[in-house]
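So the structure is just underneath, and the comments pick up after that.
Numbering (the working numbering), first residue to last: 191 to 327.
What follows is the structure, encoded as structure tokens:
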């Protein structure tokens, strides 16, 4: 587990912009069972999370006409139970952090793994998400 003083500012980058934290396995299941679309960001301390994943997600949400009904996040290496439960919904994909998932009516419809974040700009990630929002939201 990462220390809270390290993680909290990174969490705040999303929660201060309207993302709800999923902190327990029950909150994950309850949220993903809801009708409509849910964006889940598995946040991380890594440089690609800070440099492109979080900024890309925020760009997409701020500038897309269509948006998910719910914006959620959990932090890998900190919100252990919640992240483990999210990953059960991401099968057959292997664990990845950071990662960005879009669910519609409880089904995974779009997924961006770490290897799709590394080396990409925030604008590229935002464009990828904007396309997914247009298609599924």
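Beta carbons are placed, not taken as given, at the ideal position from N, Cα and C, and that holds for glycine.
Small disclaimer: the values here were computed from a predicted structure and weren't measured.
| Asked | Found |
| --- | --- |
| Answer with buried or exposed for residue 248, where buried requires no fewer than 16 other C-beta atoms within 10 angstroms of its C-beta. | buried |
| Using DSSP with H/G/I as helix, E/B as strand and the rest coil, what is residue 318? | helix |
| For residue 251 and residue 275, I'd like the C-alpha separation in whole angstroms. | 24 Å |
| Alpha carbon to alpha carbon, how far is residue 205 from residue 212? | 11 Å |
| Give the single residue among 246, 236 and 259 whose Cα lies nearest to the Cα of residue 310. | 246 |
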